[in-house]
Amino acid sequence: MLNTRQLQLKLEQAFASHRQGQLAQAQALYDEVLAMAPDHVDALHLSGVTAAQTGNHVKAVEMIGKAIAIDPGNACFHCNLGLVLNGLKEFESAATSFDRAISIKPDYHLAHYNRGKALLELDMYNAALASFDKAIAIVPDDHLAHYNRGNALKKLNQLESAVESFDRAITIKPDYHEAWSNRGNALHELNNIDAALASYDKAVTIKPDDHLAQFNRALALHALTRLDEALACYENAIAIRQNFPDACWNKSLALLTAGDFRSGWELYEWRWQVKKLADTRRHITETLWLGKQSIAGKTILLHCEQGLGDTIQFCRYIPMVADLGARVIFEVELPLRKLLGGLRGISELFVTGSSLPESDCHCPLMSLPLAFKTDLDTIPDAGPYLKSDPGKLAYWKERLGRKTNPRVGLVWNGNVTHTNDKNRSIPLSALIRHLPEGFSYVSLQKEVRDIDRQTLESNAHILHFGDELEDFTDTAALCDLMDVVISVDTSVAHLNGALGNPTWVLVPFSPDWRWMLVRDDSPWYRSIRLFRQQKPNDWSGAFGKLGSALLTGYGK
653 MLNTRQLQLK
663 LEQAFASHRQ
673 GQLAQAQALY
683 DEVLAMAPDH
693 VDALHLSGVT
703 AAQTGNHVKA
713 VEMIGKAIAI
723 DPGNACFHCN
733 LGLVLNGLKE
743 FESAATSFDR
753 AISIKPDYHL
763 AHYNRGKALL
773 ELDMYNAALA
783 SFDKAIAIVP
793 DDHLAHYNRG
803 NALKKLNQLE
813 SAVESFDRAI
823 TIKPDYHEAW
833 SNRGNALHEL
843 NNIDAALASY
853 DKAVTIKPDD
863 HLAQFNRALA
873 LHALTRLDEA
883 LACYENAIAI
893 RQNFPDACWN
903 KSLALLTAGD
913 FRSGWELYEW
923 RWQVKKLADT
933 RRHITETLWL
943 GKQSIAGKTI
953 LLHCEQGLGD
963 TIQFCRYIPM
973 VADLGARVIF
983 EVELPLRKLL
993 GGLRGISELF
1003 VTGSSLPESD
1013 CHCPLMSLPL
1023 AFKTDLDTIP
1033 DAGPYLKSDP
1043 GKLAYWKERL
1053 GRKTNPRVGL
1063 VWNGNVTHTN
1073 DKNRSIPLSA
1083 LIRHLPEGFS
1093 YVSLQKEVRD
1103 IDRQTLESNA
1113 HILHFGDELE
1123 DFTDTAALCD
1133 LMDVVISVDT
1143 SVAHLNGALG
1153 NPTWVLVPFS
1163 PDWRWMLVRD
1173 DSPWYRSIRL
1183 FRQQKPNDWS
1193 GAFGKLGSAL
1203 LTGYGK
């Protein structure tokens, strides 16, 4: 016969242990209660909660599920089941549980908030935002809801509003270091780097061992070209979290920018562990060659990995690999196949995605500087190392017609999906305002954005061939027919540099590593001249110098 008094006593003891954080003891007491009364709904529920708190999420789902089967109208049970499912990363099921809790109790703040967190994980940002708004309407001073509302807004690229939400979270909880850090991230994306740095400073002051805040602070310092300070912060982040891929890789970029190539190339290998580049990694079973073993008499696969400009820049190493006695198979992107097909040292050429023959070893193209221990003084072949096709050259010479003025090739934007496109690309309308008369301007862009197409239509003196450029052999031929090419940091800049033609590159304040700092020349291409932003987001100085240089160097 059930002793209800003894049962109640056990349950009260379990509650007390649970409240005091004595979870193992609480779990044992709940088990004793359930041995006496297997359908005791509170014991089932709280046994599940305790299991979740001790990391046994599978048992938690089982126990809370049994409680729900007995009392399906209990909103708290459904909410706690959702929390457990969130912990198991079963976010769709978690959202369903929170929905059930809310249907029973519409003003259930905790359910709305955690529903939002589950939807964030499912990349359902608008729905998550609505849930956080509901939670805030019920409990206006919930700093967590304001913080995650900011995260949802940031994902929706509503950056100013995200900053406002982070500010609200910080107002409620001034020592909320995660909010300070993510506020900095939103400000960084808004290109307000100084304000972002101030936020990161707050975050690391509150919690010096927050590796993400240290890393984000390093990125801001890096963007401000304060490389020594950035390197120190990357090292802080790595010291806190050893083998932190993003910090190691970005540290490599800072080192390369500073000209410390030997250290930079070593750390550059961390790129394969970085989420945004991991998908580009080739899972090749053959041995990775990084220069340590002899490859004489062996077949090596060299393969492209990132952008077209990277392939153009680093294909210069292919003859060096062949000179070591290796037979070189080269995998290249389709738009570059014809252009690079005649490069010395290539035995076989394959387009990316083709079935590849067997090889003894392989090397990603951008690991070749490490393999050859390249430093500033040993950069190979600064150009020209590529040639245009004679047939294409003749075609485009006739297509352009008689030359009446110096010809200037123009490239004003790159791939819109590039992570730094907002800093490197320029609206055509902004560029042409600074281009002097007396020159023949030729667009070397294949793809043109809608706003730039309108500019081209209203500036008919700029020749534009667009889709007539079938691949880079056409672009190379046109480049050879220009007196100078003006380009933002994109593949055509590398192409014209590799052809050995005069190339003027517009470089943002925080440059890609290969353009380094301060200097107006490039160790990678002897024919390149750099026109740099003197402060973030301001091209006026670079445009002014460029216009003057055109008149001085090529004007009549």
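Counting from 653, one number per residue, gives the positions in the sequence shown under our numbering. In this text, a Cβ means the ideal position worked out from N, Cα and C, and glycines have one as well. Small disclaimer: the values here were computed from a predicted structure and weren't measured.
Could you check whether Val-685 and Ala-678 sit closer than 8 angstroms to each other, using their CB atoms as the reference points? For Ala-678 and Val-685, no; Cβs fall outside 8 angstroms.
Best match in Asn-1065, Val-1170, Val-1159, Arg-1181 for proximity to Gly-1152 [C-alpha to C-alpha]: Arg-1181
Cβ-based burial, Thr-937 [other Cβ within 10 Å; buried from 16]: exposed
Pull up the distance between the alpha-carbon of Ala-855 and that of Ala-779, whole angstroms please. Ala-855 and Ala-779: Cα-Cα distance of roughly 29 angstroms.
Does the stretch 995-1009 come close enough to the stretch 1126-1146 to have 3 or more Cβ pairs within less than 8 angstroms? no
If I follow the unbroken beta strand (DSSP E) through His-1014, where does it start and stop? 1013-1016
Rounded separation between Asp-819 and Ser-833 - CA only: 11 angstroms
Per-residue DSSP class, three states only, for Phe-1117: coil
Measure the Cβ-Cβ separation of Val-1137 and Thr-1125 and say whether it is below 8 angstroms. Result no, Cβ atoms of Val-1137 and Thr-1125 do not sit closer than 8 angstroms.
What's the gap between the Cα of Lys-1098 and the Cα of Lys-990? If I take the Cα positions, the gap works out to 17 angstroms.
Residue ranges of each alpha helix (DSSP H) run of no fewer than 4 residues wholly in the stretch 1067-1101, ordered along the chain? 1073-1076, 1080-1084
Measure the CB-CB distance between Trp-1167 and Leu-908 and report whether it falls below 8 angstroms. In this structure, the beta-carbon distance from Trp-1167 to Leu-908 does not fall below 8 angstroms.
Which residue comes first and which comes last in the beta strand (DSSP E) that contains Arg-1184? For Arg-1184, the enclosing beta strand (DSSP E) starts and ends at 1180-1184.
Can the beta-carbon of Ala-838 be found closer than 8 angstroms to that of Ala-814? For Ala-838 and Ala-814, yes; Cβs fall inside 8 angstroms.
The alpha helix (DSSP H) that contains Leu-879, what's its start and end? 879-892
What residue ranges within the stretch 685-719 form continuous alpha helix (DSSP H) runs of no fewer than 4 residues, ordered along the chain? 693-705
Considering just the uninterrupted stretch of the alpha helix (DSSP H) at Glu-744, what are its terminal residues? 743-756
Continuous beta strand (DSSP E) stretch holding Glu-918: start and end: Per DSSP, Glu-918 lies in no beta strand (DSSP E) segment; the continuous alpha helix (DSSP H) that holds it begins and ends at 913-920.
Output the distance between the C-alpha atoms of Ile-824 and Arg-893, rounded to the nearest integer angstrom. 29 angstroms
As an exercise, report each continuous alpha helix (DSSP H) stretch of at least 4 residues that is fully enclosed by the stretch 802-828, in chain order. Positions of the alpha helix (DSSP H) runs, each at least 4 residues long and wholly inside the stretch 802-828, are given as 811-824 in order along the chain.
Where does Trp-901 fall in DSSP's three states? helix
Okay, do the stretch 760-770 and the stretch 729-739 touch, 3+ Cβ pairs below 8 angstroms being the bar? yes
Who are the near neighbours of Met-653 in its chain, counting only those whose CB is closer than 7 angstroms to its CB and skipping five residues on each side? In this predicted model, Met-653 has a pLDDT of only 49, less than 50, meaning its place in the structure is not dependable; the value taken from the coordinates is given anyway. If we look at Met-653 and ignore the five residues flanking it on each side, it has no Cβ neighbours.
Classify Val-1159 as buried or exposed, calling it buried when 16 or more other Cβ atoms lie within 10 Å of its own Cβ. Under this definition Val-1159 is a buried residue.
Quick one: is Pro-826 buried, meaning 16 or more other Cβ sit within 10 Å of its Cβ, or exposed? Exposed, by the Cβ-count rule.
Going by the CB atoms, is the gap between Glu-983 and Phe-966 shorter than 8 angstroms? The criterion of a C-beta distance shorter than 8 angstroms is not satisfied by Phe-966 and Glu-983.
Buried or exposed for Ile-981, please, with buried defined as at least 16 other CB atoms from any protein chain shown within 10 angstroms of its CB. buried
Which term fits Ile-1103, buried or exposed, when burial requires 16 or more other beta carbons within 10 angstroms of its beta carbon? Ile-1103 is exposed by the Cβ-count criterion.
Apply the 10 Å Cβ neighbour rule to Leu-986 and answer buried if 16 or more other Cβ atoms are within range, or exposed otherwise. When all chains shown are included, Leu-986 counts as exposed.
Backbone CA spacing between Ile-1084 and Tyr-1093 [nearest angstrom]: 10 angstroms
Sequence-distant residues of its chain with Cβ nearer than 7 angstroms to Asp-793 (five each side left out): Same-chain partners within the cutoff: Ile-824.
If you draw a straight line from the C-alpha of Leu-1147 to the C-alpha of Arg-878, how long is it? 30 angstroms
Can you list, in chain order, the residues of its chain with a C-beta nearer than 7 angstroms to that of Asp-1033? Leave out the 5 residues immediately preceding and following it. If the five residues before and after Asp-1033 are omitted, its C-beta is found closer than 7 angstroms to the C-beta atoms of Arg-968, all from its own chain and listed in chain order.
Rounded separation between Ala-727 and Asp-912 - CA only: Whole-angstrom Cα-Cα distance: 60 angstroms.
Identify every residue that forms a DSSP beta bridge with Leu-940. His-1014
Could you check which residue in Gln-672, Leu-762, Gly-725, Phe-729 has the C-alpha nearest to that of Leu-698? Phe-729
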